[in-house]
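Enquirer:
Numbering (the working numbering), first residue to last: 5 to 959.
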């Protein structure tokens, strides 16, 4: 074997074997040689008096024997027949985000993440693209064997994470798994009887990246050009000889602004006054655990504190986890898992984007521009409320608190080594409250009535299952079988009240009955049940030929009588070719497995009672008197049934050169039928829409994961993993086989698209006559006349592009040298269109626009941006906001050092690692303008860059 590492133990004296597996090394007498090679077990050989030795390394099958959670049980990685990706959870520890989903970006092929911008915001996650129009497209999360929530999962508490992607892997979860499944197992105490204590802490800074608004100089230039247009029209010669300079133009537009800017030197930075450019983020997780023969426990507490770009907002999350297991006998154990969480997300003042744009750098927020006199009420040309009044004490109150409790009771009975019965009961409860008060002098109310509201809701439910697992070998035959009975109930209720013109600020939202006008109250209740049966059988012959079949039957209370029940079958086969005699001794192929599967999954992720005609209250006037009446709210559909996904999946798992190069390639095709879709109804029916099973979509694609280990030595290890996904989705059928232009849905086209006019330039001075035909003039947006009928109508709209990336790729690097570790993660997305809403803002001088715009004038005949105006808006400005979304980003970079060995003589610890980590550092490439964030383009604030220093301590 070439390249085997040979090192004299306790020294740096070493070498590697040559092409024939031979080596020469001078060592001390009685020395010990350490031999290591990737894919084989390391060995130690004590050197005696001989000078020549023949050594044989045994193959290390640990990678193939790795246990993977597959749903209602576990199995060896080598036994998998479906598409399952295991996420390396060590990379998630200490990740500086309050949502674990953010940490998954780039970690698994076929998984699309749209990250969160601020604390409390939920990221978007899609597995193998979008399938449904109106029903949920989010994957099912299973935590410790039961449906869970990202809200009360801390990255430090995760022991393992698996992503189930194809129907053969997910069908055992039936209707809940239509969009894939993410399985999380939380940490339990380590065996050995030793008390273990772990502490993970980090502190860091979020740096916010704002879209740049115009500088005072550029805003002044825009106002000058507006005044020139009003005075000279489109006369280029008049523009060239105009006496309207910057100062004159500002004087013509607003004399107060001109006096402030040119005489008093006022140039106020509203962004600096309104938003934080940086904020502090901290996170701490402490756990204590111990495992003996009779009992094991692990208790952990997580705390995260994150601030926002808004000066008033603060996010805090507390999570308390407890995992206890009691061995009552060798054949019986009992477990209790509790997860309690509290999220405080108060201080949100609402969107201040429109308010911010209406502020002007030529005014300060102060009365007579004197800070000692306090804040003025209005600012700007439109006399909009002073944005800084949002932060005045008592002007707004926003209290948002979420509480969640999950309790899981589990019992395992093993009457035989090959038979296990498990029963689990999960009780969950969630309570949320949101109290708001917005004074007249806030962005939300803009000098109108003040407004107060209070909402309180609670969700509760239970999930119970009984699982019987059979696992036994008969010579070269191995049989595994699982039978499951499961029941689930969820219910919730909420109450909302609001009113306006509250007599005093101090009453905020606590005395809603004191509001003089617009008192409103509403309440809601819902309940749903799901009953399921599942059976799965896996047969393995000679550890080479694998066969898996499963069927799950679900009954949902949400669907109509006669359609409540549906069965979802799946089947898979796999062939471990590397175990065949013609490959078993191969020096090139160390692992090769072929997989093929088919499965069906349902989707019933709609609100309860969609099959019933509901009632809603209505006010009615008669003879000058008002009455409350009732009217039908929603038309019943007694035929509403399951949305069904049918998936074929083919995969290849391989390892070459003793797994120095390993990977997986997957091919899949999913056909989604009887889509749950709201259909628009004629007004004559008295209803707006109706839920129906309409239409068909198709998703297909290819996924690839490649891992290579260029260096694998005692003190130096280097690994690289690359993932790539190409997804095609399209609409196959719609209502009556016709396109739905109003909803931007077209047969044969992607599910999510931009359907709009196509901007082909800006009308120029030499095109005046042609522009008139389209009721336009030079300086306005030039639209492609698709049907060439001499006018721009709805029929001229075209498909601009799809919203979701066609290609998602990532590169993960990990380098370890002695006690140092270094890693980074590159992610990229390609082939889609994004929408930057900031570019569609009103193009007039009353408000600032973003800095990256070079508007048209007779002296600047650009084809990029139209001219600016005084009050009216441009036509077709929505065409200005569409850009290519391609990007390559340095997602994460981390460097750490473990002081464990350095402190070995002083104190014995299992880990003492100090690390630095940066997240969302920069884009290596982006196709959109530099001031647009391709992942969160539709906002004045974008993804923050996070820089943290952390400590991992364990003993």
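For each residue, glycine too, the CB sits at the ideal point set by N, CA and C.
Under the three-state reduction of DSSP, which class applies to residue 1006: helix, strand or coil?
Expert: This structure gives no information on residue 1006, because the portion of the chain shown stretches from 5 to 959.
Enquirer: In terms of residue numbering, what span does the beta strand (DSSP E) encompassing residue 424 cover?
Expert: Start and end: 423-442.
Enquirer: Counting only the same chain and skipping the five closest in sequence on each side, list residues whose C-beta sits under 8 Å from that of residue 195.
Expert: Result list for residue 195: 295 and 300, in chain order.
Enquirer: Following the continuous beta strand (DSSP E) through residue 812, name the residue where it begins and the one where it ends.
Expert: Looking at the DSSP string, the run of the beta strand (DSSP E) that includes residue 812 is 811-821.
Enquirer: Cα separation between residue 555 and residue 909?
Expert: Rounded to the nearest angstrom, the two C-alpha atoms are 58 Å apart.
Enquirer: Ordered along the chain, which non-local residues of its own chain (more than five positions away) have a Cβ less than 8 Å from that of residue 228?
Expert: Hits under 8 Å: 248, 249, 250, 252, 253 and 254.
Enquirer: At which residue ranges does the segment 181-253 contain complete alpha helix (DSSP H) runs of 4 or more residues, listed in the order of the chain?
Expert: Taking only runs of at least 4 residues, the alpha helix (DSSP H) segments lying wholly in the segment 181-253 are 220-236 and 240-244.
Enquirer: Can you find at least 3 beta carbon pairs, one from the segment 70-81 and one from the segment 155-174, that sit closer than 8 Å?
Expert: Contact holds: three or more Cβ-Cβ distances are below 8 Å.
Enquirer: With distances taken between CB atoms, is the gap from residue 655 to residue 709 smaller than 8 Å?
Expert: No, the Cβ-Cβ distance between residue 655 and residue 709 is not below 8 Å.
Enquirer: Quick test of the definition: if touching needs 3 or more C-beta pairs under 8 Å, does the segment 889-906 touch the segment 916-923?
Expert: The segment 889-906 is in contact with the segment 916-923.
Enquirer: Report buried or exposed for residue 520, applying the criterion of at least 16 other Cβ atoms within 10 angstroms of its Cβ.
Expert: Exposed.
Enquirer: Candidates 492, 718 and 407: which alpha carbon is nearest residue 821's?
Expert: The candidate whose alpha carbon is nearest that of residue 821 is 718.
Enquirer: For a quick check, are the C-beta atoms of residue 890 and residue 926 less than 8 Å apart?
Expert: No, these two residues do not count as a Cβ contact at 8 Å.
Enquirer: Can at least three beta-carbon pairs, one atom from the segment 363-382 and one from the segment 408-415, be found at a separation below 8 Å?
Expert: Result no; under three Cβ-Cβ pairs closer than 8 Å.
Enquirer: Do residue 607 and residue 696 have their beta-carbon atoms positioned less than 8 Å apart in this structure?
Expert: No, the Cβ-Cβ distance between residue 696 and residue 607 is not below 8 Å.
Enquirer: Short of 6 Å in beta carbon distance, which residues of its chain neighbour residue 618, apart from the five on each side in sequence? Order them along the chain.
Expert: 637 and 638, listed in sequence order.
Enquirer: Are residue 186 and residue 93 close, meaning C-beta to C-beta below 8 Å?
Expert: Not in contact: residue 186 and residue 93 (Cβ atoms no closer than 8 Å).
Enquirer: Taking the runs of the beta strand (DSSP E) that are 3 residues or longer, which of them lie wholly in the segment 142-168?
Expert: Correct list: 144-147 and 162-168.
Enquirer: Between which two residues does the alpha helix (DSSP H) harbouring residue 360 extend?
Expert: That run of the alpha helix (DSSP H) goes 357-362.
Enquirer: Where does residue 65 land, buried or exposed, given buried means 16+ other C-beta within 10 angstroms?
Expert: Here the model assigns residue 65 a pLDDT of 46, short of 50, so the residue's position is not dependable, and the following value carries that caveat. Residue 65 comes out exposed.
Enquirer: For residue 68 and residue 147, what's the separation of their Cα atoms in angstroms?
Expert: Any reading at residue 68 needs caution, since the residue's pLDDT is 47, under 50, leaving its predicted position unreliable; the model's value is listed next. Whole-angstrom Cα-Cα distance: 24 Å.
Enquirer: Is it right to say residue 184 is buried, meaning 16 or more other beta carbons lie within 10 angstroms of its own, or is it exposed?
Expert: Classification of residue 184: buried, given that the 10 Å Cβ count is 16 or more.
Enquirer: Taking the beta strand (DSSP E) that residue 579 falls in, what are its first and last residues?
Expert: 569-580 is the span of the beta strand (DSSP E), which, as asked, contains residue 579.
Enquirer: When you compare only the Cα positions, how much space is there between residue 109 and residue 812?
Expert: Straight-line Cα distance between these residues: approximately 10 Å.
Enquirer: If you draw a straight line from the C-alpha of residue 260 to the C-alpha of residue 351, how long is it?
Expert: Looking at the two C-alpha atoms, the distance is approximately 34 Å.
Enquirer: Quick check on the DSSP output: the alpha helix (DSSP H) that includes residue 726 runs from which residue to which?
Expert: Run containing residue 726: none in the alpha helix (DSSP H); it sits in the beta strand (DSSP E), 720-737.
Enquirer: Pick helix, strand or coil for residue 586, following the three-state DSSP scheme.
Expert: Here residue 586 sits in helix by DSSP.
Enquirer: To the nearest angstrom, report how far apart residue 446 and residue 826 are at their CA atoms.
Expert: So the two alpha carbons sit approximately 48 Å from each other.
Enquirer: Is residue 434 closer than 8 Å to residue 418 when the C-beta atoms are compared?
Expert: No, the Cβ-Cβ distance between residue 418 and residue 434 is not below 8 Å.
Enquirer: For residue 759 and residue 792, what's the separation of their Cα atoms in angstroms?
Expert: The straight-line gap from Cα to Cα measures roughly 18 Å.
Enquirer: Count the CB pairs spanning the segment 383-403 and the segment 327-335 that are closer than 8 Å, and state whether there are at least three.
Expert: Flag = no, the segment 383-403 and the segment 327-335 do not touch.
Enquirer: Residue 484 bridges to which residues according to DSSP?
Expert: Bridge partners of residue 484: 475 and 542.
Enquirer: For residue 240, which residues of its own chain have a beta-carbon under 8 Å away from its beta-carbon, when the five flanking residues on both sides are left out?
Expert: Cβ neighbours of residue 240 beyond the five flanking positions: 769, 862 and 863.
Enquirer: Within this structure, are the beta carbons of residue 397 and residue 390 separated by less than 8 Å?
Expert: Taking 8 Å as the Cβ cut-off, residue 397 and residue 390 do not qualify as a contacting pair.
Enquirer: Just to confirm, is the Cβ distance from residue 547 to residue 580 under 8 Å?
Expert: In this structure, residue 580 lies closer than 8 Å to residue 547 by Cβ.
Enquirer: By the DSSP assignment, the alpha helix (DSSP H) with residue 777 in it spans what residues?
Expert: Segment 772-777, the alpha helix (DSSP H) holding residue 777.
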